[in-house]
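Note sheet for the following structure.
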Amino acid sequence: EEYLYNPYNTENRSDSEDDDGLDDIDMPPEDSSKSRDLSSSKIFSLQNAGWKAKQYGGARIKHAVSAGNVLFCATDRGRVIRWNLHTGDEQELVVEKGGHDVIFKVHVDPSGSHLIIGGNQGDSWYSPASRAMKARTMPLARGARIESVCWDREGGDESTTGEILVGTSTGAIFKTCVVEGKDKYWRQIYNLQDATQPICGLEYELFPPPGKHSSGNMSDGGGGGGGGG
Numbered sequence: 014e015e016y017l018y019n020p021y022n023t024e025n026r027s028d029s030e031d032d033d034g035l036d037d038i039d040m041p042p043e044d045s046s047k048s049r050d051l052s053s054s055k056i057f058s059l060q061n062a063g064w065k066a067k068q069y070g071g072a073r074i075k076h077a078v079s080a081g082n083v084l085f086c087a088t089d090r091g092r093v094i095r096w097n098l099h100t101g102d103e104q105e106l107v108v109e110k111g112g113h114d115v116i117f118k119v120h121v122d123p124s125g126s127h128l129i130i131g132g133n134q135g136d137s138w139y140s141p142a143s144r145a146m147k148a149r150t151m152p153l154a155r156g157a158r159i160e161s162v163c164w165d166r167e168g169g170d171e172s173t174t175g176e177i178l179v180g181t182s183t184g185a186i187f188k189t190c191v192v193e194g195k196d197k198y199w200r201q202i203y204n205l206q207d208a209t210q211p212i213c214g215l216e217y218e219l220f221p222p223p224g225k226h227s228s229g230n231m232s233d234g235g236g237g238g239g240g241g242g
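The working numbering puts the first residue of the sequence shown at 14, with every later residue one more than the last.
Below, the structure written as structure tokens:
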């Protein structure tokens with residue numbers, strides 16, 4: 014039995030759902046062939062991914078991210094599996110030997126060059142994602158459980174992440190930069206008043222775009238104004 018929601022399937026709709034008050038409106042004739050194609054197509058499909066749990070000691074996947082047709086799977090055995098979905102090649106990164114349930118989340122940049130691994134107890138690791146993977150601790154980030162990462166799409170390359178923003182489980186946002194595997198600084202730039210609220214996601218946009226200029230006006234509550242460029 015199919016449990017996926019299909020907005021084009023009207024077989025199981027009740028009479029009350031069909032009565033939408035549009036009976037008196039002339040509607041254009043429906044293309045029956047197109048309707049059949051839409052109703053028979055599945056929005057999602059499930060396939061056997063061939064996860065070799067026995068190969069990794071019965072490890073279970075806790076968190077997964079992807080970039081560039083490569084999947085990074087964090088397991089409950091303190092390891093990250095780099096799985097190339099195109100070639101099928103797998104590479105195992107041991108974050109902590111003998112560690113159980115030490116990984117909280119993994120974060121990969123859009124280019125697939127950098128991987129940040131957040132731990133459950135406030136430890137964090139960095140690893141190159143496109144080359145030979147090797148986990149290095151991020152000492153400046155110790156104590157922060159990383160919930161989200163906003164990557165630098167303009168200043169990053171294979172050797173550096175550029176300036177990135179990191180959201181934590183305690184409602185704080187930090188700015189940092191990793192160069193050649195080392196975090197250069199760790200500065201808090203914002204925090205929520207409620208420390209129990211995690212920063213689940215971060216996004217940024219450059220304004221104005223590179224090479225363009227902007228101008229604007231600013232006024233206070235009393236009606237005064239000023240200009241800026």
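No residue lacks a Cβ here, since even glycine has one placed at the ideal position from N, Cα and C.
Quiz item: Which residues in the same chain as T181 place their Cβ atom closer than 8 Å to its Cβ, once the five residues preceding and following it in sequence are excluded?
Solution: Excluding sequence neighbours, T181 sits near A157, R158, I159, E160, F187, P211 and I212.
Quiz prompt | Boundaries (first-last residue) of the beta strand (DSSP E) holding E193 | solution = Looking at the DSSP string, E193 is not in any beta strand (DSSP E), and its letter there is neither H nor E.
Exercise. Could you round the C-beta distance between R90 and H76 to whole angstroms and report it? I think they count as a contact, below 8 Å.
Key: At roughly 13 Å, the Cβ-Cβ gap does not stay under 8 Å, so R90 and H76 are not in contact.
Quiz item: Using DSSP with H/G/I as helix, E/B as strand and the rest coil, what is Y16?
Solution: With a pLDDT of only 31 at Y16, under the threshold of 50, the placement of this residue in the model should not be trusted; the figure read from the coordinates follows. It is coil, neither helix nor strand.
Quiz item: If A145 sits next to W138, beta carbons under 8 Å apart, how far is it from one beta carbon to the other, in whole angstroms?
Solution: Not quite, the Cβ-Cβ distance comes to about 15 Å (not below 8 Å), so this is no contact.
Quiz item: Cβ of I202 within 8 Å of Cβ of T189?
Solution: no
Self-check item: Proximity winner among G169, G135, Q206 and D196, relative to D122 (alpha-carbon distances)
Solution: G169
Quiz item: By DSSP, does Q201 sit in helix, in strand, or in coil?
Solution: Residue state, collapsed to three classes: strand.
Quiz prompt | Candidates G71, G184, V119 and S124, of which the one nearest N133 by Cα | solution = V119
Quiz item: Among K195, D207, H99 and L205, which one has its Cα closest to the Cα of L128?
Solution: K195
Self-check item: Burial state of D207, where buried means 16 or more other Cβ atoms lie within 10 Å
Solution: exposed
Practice problem: Would you tell me roughly how many angstroms separate the C-alpha atoms of S126 and P141, rounded to the nearest one? | Solution: 6 Å
Practice problem: To the nearest angstrom, report how far apart L106 and Y69 are at their CA atoms. | Solution: 11 Å
Self-check item: Closest residue to C163 among A72, V179, G71 and G135 (Cα-Cα distance)
Solution: V179
Quiz item: What did DSSP end up calling Q68 once you bin it into helix, strand or coil?
Solution: helix
Self-check item: Three-state class that DSSP yields for T100 in the structure shown
Solution: coil
Quiz prompt | Whole-Å CB distance - W199 paired with L153, under 8 Å assumed | solution = Taking C-beta atoms under 8 Å as the contact rule, W199 and L153 qualify, at a distance of about 4 Å.
Practice problem: If I'm right that I243 touches A87 with Cβ under 8 Å, what's the distance once you round it to whole angstroms? | Solution: In this structure the chain extends from 14 to 242, so residue 243 is not present and cannot be described.
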